[in-house]
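To keep things clear, I will list the structure first and then write my remarks on it.
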Amino acid sequence: MAKTNPGRFFEDYAVGDVLEHAVPRTLSGGERAMYHALYPARHALASSDEFARACGLPGSPLDELIAFHTVFGKTVPDVSLNAVANLGYAEGRFLKPVYAGDTLTSESEVIGIKQNSNGKSGVVYVRTTGRNQRGEAVLEYVRWVMVRKGDLAAQAPQTVLPELRKAVDPADIVVPEGLDFSRYNFTQAGEPHRLADYEIGEKIDHVDGVTIEEAEHMLATRLWQNTAKVHFDATFRPDGQRLIYGGHIISLARALSFNGLANAQMIVALNGGAHANPCFSGDTIKAWSEVLDTAETTAPGVGAIRLRLVATKAGAEGFALQGADGKYLPDVLLDLDYWALMPV
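Just so we're aligned: the sequence shown equals residues 9 to 352 in the working numbering.
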């Protein structure tokens, strides 16, 4: 009997499959320190216990993307070990803050499947839920991933494409219990801009850039226990290059967005996202954002802002995103649509 896990191939999935992912992960301040070493993350709510307490929370929650990467990493051996690429996200919601000491687990349900026309791979859609040690859901999201076939002669499954909402409705945003921005300290946060200072359609160049090093990318994938072969094994791709984990780009771009969006304190929903082009060590990442919408919440002093976050390679022109053919320009790496909480 084989003891090792070769990972699932496209023909191994069926709609309705429920995958309980192995290896619970207890998070600590170590993950926060490592996250802030890997990315230039400076949002005050995830940096300071005292700032967070002044905003009504019991302490500083871990960055939302720490929870996302941790839950995502659990899914890799069952969902994307044999992936060609992770393609996109939808219907993501952060349901509870995650604090140091919390233990996270994750579970995924296969909700869609479609074989590609080349017969060598297919796209698998999964809805993943991350839970804490009390069984409470802390986040949920849908992602779709292109997976290689192990047996090219395997019969193509019936196509099932899930109906996914284009955006999370503001009414479905979950504001952490107790969060209160009515006494928000703008000086400590780093910028004076509140929700009313942003206009729908406004675009913000975040100015700064980060050059990706092979060592830090490899450290990140190990930190999140992301074992996808395209990130680890230089022999897995014909070009001999290790593909940079898409979540690494998300965190870099989110951290760069501090310059201009320092008060977009908590990500509460992922409306959609696409990894538009591959990224490799040596690429320099820059970012810009577009304000898509704003909304009220019932929490005191707390509003919501919907943002499009775009990561590009350095040298990309202005705010260009797509060509005349509707396809992403080659220097665009990430197109992410999310809601964040901001003082009104």
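A virtual CB, placed ideally from N, CA and C, is assigned to each residue, including glycine.
These figures come from a predicted structure and were not determined experimentally.
Taking residue i as the reference, which of the options has the closest Cα?
i, options, result
"T137", "D110, R101 and K122", "R101"
"R16", "S114, E148 and M154", "M154"
"T306", "Q123, A22 and L187", "L187"
"G254", "M226, G268, Q273 and A242", "M226"
"A22", "V168, V84 and S56", "V168"
"K174", "N13, R314, A332 and A75", "R314"
"L300", "S125, A312 and G290", "A312"
"R50", "P66, G38, L35 and L70", "L70"
"A322", "S114, A261 and P85", "A261"
"I258", "H29, N193, F76 and A41", "F76"
"P14", "R202, P85 and V118", "P85"
May I have the straight-line CA-CA distance separating residue i from residue j, to the nearest angstrom?
i, j, result
"G280", "E99", "7 Å"
"P184", "P351", "14 Å"
"Y43", "E144", "24 Å"
"A62", "V276", "20 Å"
"V238", "F18", "16 Å"
"N285", "S297", "18 Å"
"G331", "L337", "6 Å"
"L251", "R191", "44 Å"
"N124", "K157", "10 Å"
"P32", "G326", "43 Å"
Tell me the residue span of the alpha helix (DSSP H) that contains residue i.
i, result
"E72", "E72 to V87"
"Y43", "G37 to L46"
"S259", "G254 to L264"
"R230", "E222 to L231"
"H214", "Taken as a continuous stretch (DSSP letters only), H214 belongs to no alpha helix (DSSP H), being part of the beta strand (DSSP E) at K211 to T219."
"T195", "F194 to A197"
"E58", "D57 to A62"
"V238", "K237 to F240"
Opposite residue i in the DSSP bridges: which residues?
i, result
"F102", "L147"
"L315", "V299 and Y346"
"P351", "V310"
"T34", "T111"
"R173", "BP columns for R173 are empty, so no partner."
Kindly indicate the opening and closing residues of the beta strand (DSSP E) around residue i.
i, result
"K294", "T292 to E304"
"H283", "M274 to H283"
"R139", "S129 to R139"
"K122", "T111 to Q123"
"V26", "V26 to E28"
Measure the beta-carbon distance from residue i to residue j and round it to whole angstroms, keeping in mind my assumption that it falls under 8 Å.
i, j, result
"W152", "L95", "5 Å"
"T34", "T111", "4 Å"
"L264", "H201", "Wrong, their Cβ atoms sit about 16 Å apart, outside the cutoff."
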